Structures are given as structure tokens and as C-alpha cells.
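Each remark here refers to the structure printed beneath this line.
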Amino acid sequence: MPSPSSRGPMPRPPVVSSNANAAPFLQLHTHNHHHQQQLRMGDAAIAAVHLHESEEEHIFRSRFPPVAVPDDVTVPEFVLADAEAYADKTALVEAAPGGRSYTYGELVRDVARFARALRSIGVRRGHVVVVALPNLAVYPVVSLGIMSAGAVFSGVNPRAVAAEIKKQVEDSEARLVVADAVAYDKVKDAGVPVIGIGDVARLPGAIGWDELLAMADRAGAPVVALEPAQQSDLCALPYSSGTTGVSKGVMLSHRNLVSSLCSSMFAVGQELVGQVVTLGLMPFFHIYGITGICCATLRHKGTVVVMDRFDLRAFLGALLTHRVMFAPVVPPVMLAMVKSPVADEFDLSGLALRSVMTAAAPLAPDLLAAFERKFPGVQVEEAYGLTEHSCITLTHASGGGEDVGSAVQVAKKKSVGFILPNLEVKFVDPDTGRSLPKNTPGEICVRSQAVMQGYYRKKEETERTIDAAGWLHTGDVGYIDDDGDVFIVDRIKELIKYKGFQVAPAELEAILLSHPSVEDAAVFGLPDEEAGEVPASCVVRRRGAPESEADMMAYVAGRVASYKKLRLLRFVDAIPKSVSGKILRRQLRDEFVKKTAAA
Numbered sequence: 001m002p003s004p005s006s007r008g009p010m011p012r013p014p015v016v017s018s019n020a021n022a023a024p025f026l027q028l029h030t031h032n033h034h035h036q037q038q039l040r041m042g043d044a045a046i047a048a049v050h051l052h053e054s055e056e057e058h059i060f061r062s063r064f065p066p067v068a069v070p071d072d073v074t075v076p077e078f079v080l081a082d083a084e085a086y087a088d089k090t091a092l093v094e095a096a097p098g099g100r101s102y103t104y105g106e107l108v109r110d111v112a113r114f115a116r117a118l119r120s121i122g123v124r125r126g127h128v129v130v131v132a133l134p135n136l137a138v139y140p141v142v143s144l145g146i147m148s149a150g151a152v153f154s155g156v157n158p159r160a161v162a163a164e165i166k167k168q169v170e171d172s173e174a175r176l177v178v179a180d181a182v183a184y185d186k187v188k189d190a191g192v193p194v195i196g197i198g199d200v201a202r203l204p205g206a207i208g209w210d211e212l213l214a215m216a217d218r219a220g221a222p223v224v225a226l227e228p229a230q231q232s233d234l235c236a237l238p239y240s241s242g243t244t245g246v247s248k249g250v251m252l253s254h255r256n257l258v259s260s261l262c263s264s265m266f267a268v269g270q271e272l273v274g275q276v277v278t279l280g281l282m283p284f285f286h287i288y289g290i291t292g293i294c295c296a297t298l299r300h301k302g303t304v305v306v307m308d309r310f311d312l313r314a315f316l317g318a319l320l321t322h323r324v325m326f327a328p329v330v331p332p333v334m335l336a337m338v339k340s341p342v343a344d345e346f347d348l349s350g351l352a353l354r355s356v357m358t359a360a361a362p363l364a365p366d367l368l369a370a371f372e373r374k375f376p377g378v379q380v381e382e383a384y385g386l387t388e389h390s391c392i393t394l395t396h397a398s399g400g401g402e403d404v405g406s407a408v409q410v411a412k413k414k415s416v417g418f419i420l421p422n423l424e425v426k427f428v429d430p431d432t433g434r435s436l437p438k439n440t441p442g443e444i445c446v447r448s449q450a451v452m453q454g455y456y457r458k459k460e461e462t463e464r465t466i467d468a469a470g471w472l473h474t475g476d477v478g479y480i481d482d483d484g485d486v487f488i489v490d491r492i493k494e495l496i497k498y499k500g501f502q503v504a505p506a507e508l509e510a511i512l513l514s515h516p517s518v519e520d521a522a523v524f525g526l527p528d529e530e531a532g533e534v535p536a537s538c539v540v541r542r543r544g545a546p547e548s549e550a551d552m553m554a555y556v557a558g559r560v561a562s563y564k565k566l567r568l569l570r571f572v573d574a575i576p577k578s579v580s581g582k583i584l585r586r587q588l589r590d591e592f593v594k595k596t597a598a599a
């Protein structure tokens, strides 16, 4: 892999023209004639292309032809297009009895109202608004309203501790926070105004949501009176730990997200428009929750059934009551569906569920087999994506559609799917930086219009992640087989995936090392059937220190969100490290597992 210093700034991503007067093929504008020809052909086969700079460059593309990406719309315009034709159809509904719902008419109305309201209180193009809300029906109204105003939506986990939320508010230079009554106590001292949603009486000092919208109605301030949003503008700033373990703002433009949506929805057939019912259980503050679930479903005028927390009884009830067809979940949810006796309380023959998708954590083969036995009519899809690439990069099934043929095309079991249209993927030797042929594991690198603009105010981190040729280095190791299916075999990056949440070892290590009785510490993930992985640690305790292992775990627990808590901790004499000083986490993990098994 090239050294960080050898990577220059990212070039502007190539643009797929959607001009009706263009040639009948979709043209990807690049400086490489051979590359251009490949896309003109709409090559259905996986292509290993020889670029002019290297006769040994192996670049793989989708088995499907490129798709057009409109070049003149923002995310809200793209998502809400044609909504007036579905004005009375339910767009969003909370699964809980008596929960809030929005029709498409109400959704469009309130997105515009909130955009006007933001403008009326001084929010301008490029300003960041942090949203600290649980999954609610109003969440897409808030996020799309922020984008419509030309501002930048930045979701944060409302269950994070106050210090974590404040850090994101400060790092993003946010001008405003939107929060509910639960999160308000965590954000009220963040140093910026707060818009409160819910019981305003419990939010002293907050700007009331209903009051704000009513004020905007009275003022009648036009949304585009000042600086209208452009497709090249930033619209989202989600935070990701990337490959380094330090949380960073990921700069995503309207173009990034529209392009990602076009690629990921390329095979949705016309017969599904207005019909799809999707479960919105994945966190909306995550890029997949707000784009892959909400925006994708709303674009095709389906219904999002909103759930904030997982409870198996409520979950199954929602699937049946709302006739859910598509459920993005994490493996622990599938495990509960298979093993919990609660599932036996329901007549599951009435399920309308067609497919579940899991992407946040590896899916164990035994769990997949058990799920397929219990739910034989439900297709299980795995996918791969990352925040830095706007969401999904690889997916498991095309779903058919007139542009790709009527047959559903499904990738092999144990793979994470095939490459989406408009994307280029290569697999790089981490030591030499050379791209590798099929069936040869290497670091997954991706290049497309969905690649982030960079990390916010972190130029060096950006240049370490996106090289001079525009390739996003994911930190994951995988390979592509002869059929174009991709398999993940390892992670270069050391993030722990606990129930789908990212836990950065570096953050927990810093907390442990702040304890006066800790001389050294290492954090790593251990496999767990229910959670996917759990955070564990080995700690070198200062000689004579009185603290127990439980004391150390409690010390960390008091300083982080619940999902980041250490689940296991063991005192050791030393932390194994490489000659360069890097913690040998794999060795620690293997030794930990071996000692636990022998105990």
C-alpha cells in the first residue's frame, strides 16, 4: 500500500450523464478511453481492465450496466419526487400503538415548513445541525428539512453520554441541535440553541418544534430566498471511526447520496413502487438508517414502519400488523427470531416478509441455516458498506426489474454480494500496493461518485483513506470470485461491531490509560453469538494497585454509552506489541479465547 504521504488530494469523481440528448449508452466521463468504452458497452461481465498507467491493474465493475444519476437535484428533491401523486398514502408510521404517522402530503408539507423555520432563525447554507433523536416518524422530516434549507444534517446517537454528544457538536461546529425530552439533558449544555421535540414543558430553554413551525407559517419565509442548495454542497456529516478508531465527521454531498441511492436501488421494479413496506429498526442517526432505509423507501413511495428499540414481541407484532416486506436487521435480531420461545406465540404463516438484510456484523453460517429452516419463504441478504462510501457498496440480490431481467439474482451464501452499478472495486496487496486478480485476498478499495468528500477538518486522515487516484481504502480484506461475488476474509481496521454499533478500541484504551492504576491496556473484540462481538480488554495493573477487574470495567462504563462498555477484562503482565509498537490484538484475542475455553 502506498504510504500516507504519497497520497495526494482526491480528484473530482467521474459523472454519469443523464442528459436525454446524450448517446443511447450511459457515458462515464474519464480521461481513460478504454475505461470509457467499457461503460459504453454496458458490459454485463465482471471486467478486469488494463489502465494506461499499469498493464497489471485489476479493476472490477458490476455485472449490471451503469445507471443514470440526475445531476440537478438535491437529496430531498430526489427522495420526494412525485410525492403529490401519493399525497394520502402513509409514508412513515411508528410501530407502537397510537404512534405518530405521516402521509406523503404531510411529509412534503412539514419538510418545507421546517426548512423555512430553519432559515427564519438564521440557519444558512453549509451550517451543521446535530440531531439527537431516537427513531421517530418525525426523524426524516427533520433530516430532509435540514438538507432542504441548504444546511448539513449530522445525526448522533441519542443514547451516547453527554460528553460524547458535546464532542460531536464542537467538532462539527454545529449551529443548532434538535433533541427530544430524553436527550435534552445531554445537549442543553452543549453551547448551541436546541430545538425540542415532544413535551416542551420538560425542555426549559428549548425552542419548541410546533411553535417553531407555526412561527415559520406566519412569517411565510421562502425556502430559497437566500442561497439555494446545490448538488455539490454537503448535506450530511455522519461520524465514523473509519480505520483509525478516532471518530471523524464524514463529509457527504447531495451528489454522493443521490448517486448511492441510484446504485443501490437500480433493480427496484416498477411493480414495487408504492407497495414496499420497510421496517425502520436500524438507527436513523446511522447513514444506512437514514438513506438505505428511509430515503430509499420514500423514493419509491413505500411505507417505513418506525421502531426505536428491539423487543421481539413488538417486532413480530409490527411485522404482522403492518405487513412488512423488507426488514434490515442485525444478526442478534435473527438469532432471537430463531431461538426465542416468544416467536412461538405468533402465527408466522401470516408474515408478508420477503427478505431480511444484514450488514452490520458477520452472519454465522449456523444462524443462517437455522433462519432459513424456520422462515423458508424469506430471502436472507448480506451486504457490505461503509459511511465513507455513503452507504451500501456490495449487495446480495438484485430483486429483478426490467433493466436487469426479471429473475432475482442472488449472490452465493457466505459472500457479501456483488458490486453495484457505477462502482469500481479493486483488491490491493497491503504490502506492495499492487492490485490483485480474482480469487486473491487484498484490501478492498472502491471508487465512485458516492465516495465521501473527505473527513471534516482532517486533511491527513482523508489523504490516508482516499489516494491520489480517488480510491477509498476500506481497511477490509476480501476477494472477488469468478462469478463476481465478493467475500470478506478479515478486517485491517480494528473496530468492534457490538450489535451493529461501532466501538473503537482506541477510545476505550484512552479511558483505561487515564486511570492512575493502569500502566498499559489493549481493547479488542471477542466473538459472541448474540452480539456479534463484545468489547474485551487486557490491562497491565500498576504493582500494588487495589482495583479489581470489576472496578476497572465500572470505571469505563461510567464514561461511555452502554454499548461501548467492556464486557470482559483480564489483568496481564504485558501487552504484546510489534517492533513498531502496534498492539498485537489478534494474538491477545486468541490467547483470551484459549484461556477462557480452558477455564
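For the sequence shown, the UniProt record's numbering begins at 1 and goes up steadily by one. For glycine and all other residues, C-beta sits at the position ideal for the given N, C-alpha and C. Predicted model only: the values in this text are computed from it and were never measured.
Quiz prompt | Residue environment, Q230, which counts as buried when at least 16 other CB atoms sit within 10 Å | solution = Position 230 of the sequence shown, counted from the start, is the residue given in the question as residue 230. Only exposed fits Q230, as fewer than 16 other CB atoms lie within 10 angstroms of its CB.
Quiz prompt | Among G274, V142, S448, D185, nearest to R159 - alpha-carbon criterion | solution = Walking along the sequence shown from the start, residue 159 turns up at place 159. Nearest option by C-alpha distance: D185.
- Spell out a yes or no on whether the region 312-326 and the region 268-280 are touching, meaning 3 or more CB-CB pairs, one atom from each, closer than 8 Å. Touching, yes.
Every unbroken beta strand (DSSP E) inside the region 121-187 [3 residues or more]
The region 121-187 contains these whole beta strand (DSSP E) runs: 128-132, 152-155, 176-180.
**Request:** Quickly, what does DSSP pair residue 600 with across the bridge? List them, please.
**Result:** The shown model of the chain, from 1 to 599, leaves out residue 600, and the question about it has no answer.
Would you check if the region 284-294 and the region 132-142 touch, i.e. whether three or more CB-CB distances between them fall below 8 Å?
Using a C-beta cut-off of 8 Å, the region 132-142 makes contact with the region 284-294, since at least three inter-stretch Cβ pairs fall below that distance.
Q: Grab the span of the beta strand (DSSP E) containing T303 for me, first residue to last.
A: As a first step, residue 303 is located in the sequence shown; it is residue number 303 there, counting from the start. T303 -> beta strand (DSSP E) spans 303-306.
query = Roughly how many whole angstroms lie between the Cα atoms of C538 and A545?
reply = As a working mapping, residue 538 is identified with position 538 in the sequence shown. As a working mapping, residue 545 is identified with position 545 in the sequence shown. Distance between the alpha carbons of C538 and A545 is about 16 Å.
Practice problem: Apply the 10 Å Cβ neighbour rule to residue 612 and answer buried if 16 or more other Cβ atoms are within range, or exposed otherwise. | Solution: With the chain covering 1 to 599 only, the question about residue 612 has no answer from this structure.
Q. In chain order, what residues of the same chain lie with their CB nearer than 6 Å to the CB of V178, ignoring the 5 residues before and after it?
A. Position 178 of the sequence shown holds residue 178. So the qualifying residues of the chain are V131, V142, I195.
Quick one: is residue 630 buried, meaning 16 or more other Cβ sit within 10 Å of its Cβ, or exposed?
Nothing about residue 630 can be reported from this structure: the residues present for the chain run from 1 to 599 only.
- Report the residue from L368, G377, R457, P421 whose alpha carbon sits nearest the alpha carbon of S415. Taking the sequence shown and counting its residues from 1, the one referred to as residue 415 is at position 415. Considering only L368, G377, R457, P421, the residue with the shortest C-alpha distance to S415 is L368.
| Are three or more beta carbon pairs between the region 251-267 and the region 64-73 nearer than 8 Å? | Counting C-beta pairs closer than 8 Å gives three or more between the region 251-267 and the region 64-73, which meets the contact rule.
Inset, instruction - Using only alpha-carbon positions, find the residue among I419, M215, F418, R125 that is nearest to H254. - result: Indexing the sequence shown from 1 puts residue 254 at position 254. The residue with the shortest Cα to Cα distance from H254 is R125.
query = Where in the region 269-310 do unbroken runs of the beta strand (DSSP E), each at least 3 residues long, occur, reported from the N-terminal end onward?
reply = If we require 3 residues or more, the beta strand (DSSP E) runs fully inside the region 269-310 come out as 277-280, 303-306.
Given that a residue counts as buried once 16 or more other Cβ atoms are within 10 Å of its Cβ, and exposed if not, what is R543?
Your numbering for residue 543 matches position 543 in the sequence shown. Residue burial is scored here from C-beta neighbours: R543 has fewer than 16 other C-beta atoms within 10 angstroms and is therefore classed as exposed.
Taking the alpha carbon of E271 as the reference point, which residue from K301, K248, V258 has its own alpha carbon closest?
Counted from its first residue, the sequence shown places residue 271 at position 271. E271 has its Cα closest to that of K301, out of K301, K248, V258.
**Q.** Residues of its chain near V556, where Cβ-Cβ distance is below 7 Å and the 5 sequence neighbours each way are ignored
**A.** For the purposes of this step, residue 556 is taken as residue 556 along the sequence shown, with counting starting at 1. Within the same chain, V556 has close Cβ partners L508, I511, L512, K565, L566.
Closer than 8 Å by C-beta to Y455: which residues in its own chain qualify, once you throw out the five before and the five after it? Chain order, please. Taking the first residue of the sequence shown as 1, we reach residue 455 at position 455. The answer, listed in chain order, is G242, K248, G249, V250, M251, E461, T462, T465.
Quiz item: Using a Cβ-Cβ distance under 8 Å, would V258 count as near chain C?
Solution: Given the protein chain composition of this structure (a single chain), no chain C is represented.
Exercise. Return the first residue and the last residue of the alpha helix (DSSP H) that V79 is part of.
Key: If you number the sequence shown from 1, residue 79 lands on position 79. Element bounds for V79: 75-79.
Worksheet item: What residues are listed by DSSP as bridge partners for E381?
Response: Indexing the sequence shown from 1 puts residue 381 at position 381. In the DSSP output, where bridge partners are listed per residue, E381 has M357.
Margin query: Counting C-beta neighbours from all protein chains within 10 Å, is the total for T440 16 or more, i.e. buried, or is it exposed?
Written below: The residue you call residue 440 lines up with position 440 of the sequence shown. Flag for T440 reads exposed.
Check: Expressed to the nearest angstrom, what Euclidean distance is found between the alpha-carbon atoms of G417 and D431?
Finding: Sequence index remark: in the sequence shown, residue 417 carries index 417 (1-based). Sequence index remark: in the sequence shown, residue 431 carries index 431 (1-based). So the alpha carbons of these two residues sit roughly 26 Å apart.
Review point. So what's D490 in DSSP terms, helix, strand or just coil?
Key: For the purposes of this step, residue 490 is taken as residue 490 along the sequence shown, with counting starting at 1. The answer is strand: DSSP assigns D490 an E or B state.
Exercise for the section: Classify T303 as buried or exposed, calling it buried when 16 or more other Cβ atoms lie within 10 Å of its own Cβ. Expected result: Taking the first residue of the sequence shown as 1, we reach residue 303 at position 303. Flag for T303 reads buried.
- Message: Let me make sure I understand the geometry here. Which of V477, P376, A149 has the alpha-carbon closest to that of S349?
- Response: If you number the sequence shown from 1, residue 349 lands on position 349. Checked all of V477, P376, A149; the closest Cα to S349 is P376.
What does the alpha-carbon distance come out to for the pair V187 and A561?
Position 187 of the sequence shown, counted from the start, is the residue given in the question as residue 187. Position 561 of the sequence shown, counted from the start, is the residue given in the question as residue 561. Between V187 and A561, the C-alpha separation is close to 15 Å.
Are there 16 or more other CB atoms within 10 angstroms of the CB of E170, so buried, or fewer, so exposed?
One-based indexing of the sequence shown puts residue 170 at position 170. The residue in question, E170, is exposed, as its Cβ has fewer than 16 Cβ neighbours within 10 Å.
Inset, instruction - Please state whether DSSP places H473 in a helix, a strand or coil. - result: Here residue 473 is taken as the residue at index 473 of the sequence shown, counted from 1. DSSP, reduced to helix, strand and coil, places H473 within a strand of the structure shown.
* Asked: Quick one: complete beta strand (DSSP E) runs, 3+ long, within the region 59-116?
  -> Contiguous beta strand (DSSP E) elements confined to the region 59-116 occur at 90-94, 101-103, taking only those with 3 or more residues.
Is it the case that the Cβ atoms of T358 and P341 are separated by a distance below 8 Å? Indexing the sequence shown from 1 puts residue 358 at position 358. Indexing the sequence shown from 1 puts residue 341 at position 341. With contacts defined by Cβ atoms closer than 8 Å, T358 and P341 do not form a contacting pair.
Q. Taking the alpha carbon of S101 as the point to measure from, which residue in V108, V93, K438 has its own alpha carbon closest?
A. In the sequence shown, the residue the question calls residue 101 occupies position 101. Out of V108, V93, K438, V93 has the C-alpha closest to the C-alpha of S101.
_From C391, D72, L118, residue whose alpha carbon lies closest to that of D208_ = The residue labelled residue 208 in the question sits at position 208 within the sequence shown. According to the sequence as given, residue 208 is Gly; it is not Asp. Ranked by Cα distance from G208, the options C391, D72, L118 are led by L118.
Item to complete: Label V486 either buried or exposed according to how many other C-beta atoms from any shown protein chain fall within 10 Å of its C-beta, with 16 as the threshold for buried.
Response: Locating residue 486 in the sequence shown gives position 486, counting from the first residue. V486 is buried by the Cβ-count criterion.
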